[in-house]
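J.: Residue numbers are given in the working numbering: position 37 of the sequence shown equals residue 70, and the series is strictly consecutive. Sending over a structure as structure tokens; questions will come in a sec.
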Amino acid sequence: MSATDTTVSGLHDRTQRLDEVEQHYHHTLRRFACRLVGDHGRADEIVQDALIRLWQRPAMLNGPVTDLRAWLFTVTRNLAYDELRCARRRHEFATETHTLLDRPAQDPCENLADTWVIQQALATLGHEHREVIVHAYYRRATIKTIAIELAIPPGTVKSRLHYALHALRDACKAQGITAPTD
Numbered sequence: 034m035s036a037t038d039t040t041v042s043g044l045h046d047r048t049q050r051l052d053e054v055e056q057h058y059h060h061t062l063r064r065f066a067c068r069l070v071g072d073h074g075r076a077d078e079i080v081q082d083a084l085i086r087l088w089q090r091p092a093m094l095n096g097p098v099t100d101l102r103a104w105l106f107t108v109t110r111n112l113a114y115d116e117l118r119c120a121r122r123r124h125e126f127a128t129e130t131h132t133l134l135d136r137p138a139q140d141p142c143e144n145l146a147d148t149w150v151i152q153q154a155l156a157t158l159g160h161e162h163r164e165v166i167v168h169a170y171y172r173r174a175t176i177k178t179i180a181i182e183l184a185i186p187p188g189t190v191k192s193r194l195h196y197a198l199h200a201l202r203d204a205c206k207a208q209g210i211t212a213p214t215d
């Protein structure tokens, strides 16, 4: 066996051992790092850095499991603290992914045009159809509630609502508004 074969074999063994260590400790280290830095993305980077440092120290891969575990958690903790110090120096703070800053700003005038078009279309409907649409969509009433309030059978409410929506759609088309196509 040549020296090159021995090196390749040792590299393969080291890679396989690192894969085993990663499979065994990755989730635990990620949870630990996430608790420290409060951000899943940064926690993933910290765990990756810890595993790279382990790769650079082949003696740790072949050592006792208890030493390896302690070493991994120590390195992860130190990397997390370094990350926090660095983020504080840059004045960066972790935010939730669903904050108002992550959402696109809505134009307040956008709904104004829609409201005006719908009002114009509703004005073209008869009283009975407009009344059913207002109860169902603006007051969010159920069919049963609308039937009680208007003193008509539920079947009549459904029928009026069906024809009212068709008439409303036709009125919107007459104004040049068409339904979006997906």
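The beta-carbon is built from N, C-alpha and C at its ideal position, and this holds for glycine as well.
I'd like the list of long-range same chain contacts for I166, defined as Cβ closer than 6 Å, with 5 residues on each side in sequence excluded.
T.: Within the sequence shown, residue 166 is the residue found at index 133, counting from 1. Cβ within range, chain order: A197.
J.: When DSSP labels each residue in this structure, what does A36 get in the three-state scheme?
T.: Here residue 36 is taken as the residue at index 3 of the sequence shown, counted from 1. Residue confidence is low: A36 scores 49 on pLDDT, short of 50, so the model does not pin down where it sits. Its coordinate-derived value is still stated next. Reduced to three states, the DSSP call for A36 is helix.
J.: Do V70 and A113 count as a contact pair if the criterion is CB distance below 8 Å?
T.: The residue you call residue 113 lines up with position 80 of the sequence shown. The residue you call residue 70 lines up with position 37 of the sequence shown. Against a cut-off of 8 Å, the Cβ pair of V70 and A113 comes out as a contact.
J.: What is the rounded straight-line gap between the Cα of A76 and the Cα of T109?
T.: Position 43 of the sequence shown, counting from 1, holds the residue named residue 76. Position 76 of the sequence shown, counting from 1, holds the residue named residue 109. Approximately 9 Å, taken between the alpha carbons.
J.: Would you decide whether H162 is buried or exposed? Buried here means 16 or more other CB atoms lie within 10 Å of its CB.
T.: As a position in the sequence shown, residue 162 is number 129, starting the count at 1. Result: buried.
J.: Under the three-state reduction of DSSP, which class applies to H83: helix, strand or coil?
T.: By one-based count along the sequence shown, residue 83 stands at place 50. The identity of residue 83 in the sequence shown is Ala, whereas the question assumes His. In the structure shown, A83 sits in a helix (DSSP, three-state: H, G or I).
J.: For P97 and V80, I'd like the C-alpha separation in whole angstroms.
T.: In the sequence shown, counting from the first residue as 1, residue 97 sits at position 64. In the sequence shown, counting from the first residue as 1, residue 80 sits at position 47. Roughly 20 Å separates the two Cα atoms.
J.: Can you tell me the Cα-Cα spacing of Y171 and A156, whole angstroms?
T.: Along the sequence shown, one-based indexing puts residue 171 at 138. Along the sequence shown, one-based indexing puts residue 156 at 123. Cα-Cα distance, rounded: 15 Å.
J.: Could you check the C-alpha separation between V150 and H199 for me, to the nearest Å?
T.: Locating residue 150 in the sequence shown gives position 117, counting from the first residue. Locating residue 199 in the sequence shown gives position 166, counting from the first residue. Cα-Cα distance, rounded: 16 Å.
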